[in-house]
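Q: Handing you a structure now.
In the numbering used here, the protein residues as written are 8 to 165.
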């Protein structure tokens, strides 16, 4: 089994956001959870103390989230936000024609994907199909419903 850590493709702005979130979680949020545990502990018998159980569960979620962000930051690769635009790569904004309609998407790393905002992951079926293509090319990809679809790449920009 491959133990190679997952690479997280991030913009420098997104990297900074993760750093700020991690700082908040380790300073402010960790103290809030510790205080909630202390208050719940003061209620007495821990075996029947739902507030204590809830606070400990919150602590577990917090530490898990901290570890997740630390992993992302440790394995981050920065997206070239000003590179060439002859071929699609992470960080590019593309205009594609799908089923006769033009749509624009920004190709981002999986951590930043938000299809409602027009940000698709380089690991999504369409994103994966577009990586490395040039304007004018048509790619085929599998839709979430399992059907094949085609997209013609109209334009690439940064």
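Just so you know, even glycine gets a beta-carbon here, dropped at the ideal spot from N, CA and C. These figures come from a predicted structure and were not determined experimentally.
For residue 14, count the other beta carbons within 10 Å of its own beta carbon; 16 or more makes it buried, fewer makes it exposed. Which is it?
A: Within the chain shown, numbered from 1, the residue matching residue 14 stands at position 7. When all chains shown are included, residue 14 counts as exposed.
Q: Are there 16 or more other CB atoms within 10 angstroms of the CB of residue 129, so buried, or fewer, so exposed?
A: Taking the chain shown and counting its residues from 1, the one referred to as residue 129 is at position 122. Classification for residue 129: buried.
Q: Give, in chain order, every unbroken run of the beta strand (DSSP E) that is at least 3 residues long and sits entirely within the segment 118 to 160.
A: Whole beta strand (DSSP E) segments, 3+ residues: 126 to 128 and 145 to 149.
Q: Should residue 74 be labelled buried (16 or more other beta-carbon atoms within 10 Å of its own) or exposed?
A: Locating residue 74 in the chain shown gives position 67, where the first residue counts as 1. The residue is exposed, with fewer than 16 neighbouring Cβ atoms inside 10 Å.
Q: Looking at the unbroken beta strand (DSSP E) that takes in residue 15, where does it start and where does it end?
A: As a first step, residue 15 must be located in the chain shown, where it is residue number 8. Residue 15 -> beta strand (DSSP E) spans 15 to 17.
Q: What are the start and end residues of the alpha helix (DSSP H) that includes residue 105?
A: Stepping through the chain shown from its first residue, residue 105 is reached at position 98. Looking at the DSSP string, residue 105 is not in any alpha helix (DSSP H); the run it does join, the beta strand (DSSP E), is 100 to 105.
Q: By a C-beta neighbour count over all protein chains shown, 10 Å radius and 16 as the cutoff for buried, is residue 53 buried or exposed?
A: Translated into positions along the chain shown, residue 53 becomes position 46. Classification for residue 53: exposed.
Q: Compute the Euclidean distance between the alpha carbons of residue 150 and residue 133, then round it to the nearest angstrom.
A: The residue labelled residue 150 in the question sits at position 143 within the chain shown. The residue labelled residue 133 in the question sits at position 126 within the chain shown. About 8 angstroms.
Q: Let me know if residue 87 comes out buried or exposed under the rule of 16 or more other beta-carbons within 10 Å of its beta-carbon.
A: The count along the chain shown starts at 1 and reaches residue 87 at position 80. By the neighbour-count rule (16 or more Cβ atoms within 10 Å), residue 87 is not buried but exposed.
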